[in-house]
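Structure record follows, encoded as structure tokens.
Numbering (our numbering), first residue to last: 176 to 407.
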């Protein structure tokens, strides 16, 4: 059992916090972090306060984070982590979100301006498209992380219940978590292979490109959307 094999690192816990109250372990076994990571839903949503699921797993293994900061995993994941680490199953910390049915991103293609910001934000490459071209979400690849919502300058991305596939944390962990981890890792590996001297558009160029796209979109909407009070 993981708790037994990592006894020197998982001990002196505080029951009401789930965080180690004793000295930080000298060396945290990577096997413990890997086992914790395998228990997380692999949405890479950052809602736990860490950049990805692996980082959160390492924080839990290193006693610097409690086990109740994963809204996508919900109480099911918390209970599995508690069993894995032989610790107390806490309630989900509301500061990091609430448990809810799984949803997936859907792009209203009529209003998409092709800015590619959502493509850049997606941690699992679930959004396909090109600059100045319509984007779309491949539902089977979407993990519902919501990271694409904020960057969209025209608010054309919605969250909807999935048409197929798992809709609760238990089914998700059993059916999709492993493949989502692999997709995320492949994306990370590709980013490391990019030439170091390759520069992205600077902020000024990016703002200009988005401003131009927004101007085109406003012009298009003025043609297809009648003004209030005008004849239909």
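No residue lacks a Cβ here, since even glycine has one placed at the ideal position from N, Cα and C.
If I measure Cβ to Cβ from residue 326 and keep anything under 7 Å in the same chain, skipping five residues before and after, which residues do I get? 292, 293, 296
Same chain only: Cβ atoms within 7 Å of residue 306, ignoring 5 sequence neighbours per side: 289, 291
Sorted by chain position, which residues of the same chain lie with C-beta nearer than 7 Å to residue 314's C-beta, five sequence neighbours on each side aside? So the list reads 279, 337, 338, once near-sequence residues are dropped.
How big is the Cα-Cα spacing for residue 232 and residue 340? If I take the Cα positions, the gap works out to 26 Å.
Which whole runs of the alpha helix (DSSP H) in the region 296-384 are 4 residues long or more, in chain order? 344-350, 352-368
Strand pairing of residue 282, partner residues [DSSP]: DSSP lists 332 as partners of residue 282.
Collapsed DSSP secondary structure at residue 273 in the structure displayed: coil
Inter-residue CB distance, residue 236 and residue 281 (contact presumed, cutoff 8 Å): Going by Cβ atoms, the distance from residue 236 to residue 281 rounds to 36 Å, so no, they are not a contact pair.
Less than 8 Å between the beta carbons of residue 247 and residue 226, yes or no? In terms of Cβ geometry, residue 247 and residue 226 do not form a close pair [threshold 8 Å].
What do you reckon, are the CB atoms on residue 317 and residue 219 nearer than 8 Å? no
Cβ atoms of residue 250 and residue 274: under 8 Å apart, would you say? yes
Taking the alpha carbon of residue 299 as the point to measure from, which residue in 359, 224, 222 has its own alpha carbon closest? 359
Let's test the definition: count the other Cβ atoms within 10 Å of the Cβ of residue 202 and tell me whether it reaches 16, buried, or not, exposed. Residue placement at residue 202 is poorly supported in this model, since its pLDDT is 42, which falls under 50; the coordinates still yield a value, given next. That one is exposed.
Judging by CA-CA distance, which residue of 287, 350, 212, 213 is the nearest neighbour of residue 308? 287
Using the rule of at least 16 other Cβ atoms within 10 Å of the residue's Cβ for burial, across every protein chain shown, is residue 330 buried or exposed? So residue 330 ends up on the exposed side.
From residue 245 to residue 205, what distance separates their C-alpha atoms? 21 Å
Give me the residue from 240, 361, 259, 365 with the minimum Cα distance to residue 213. 259
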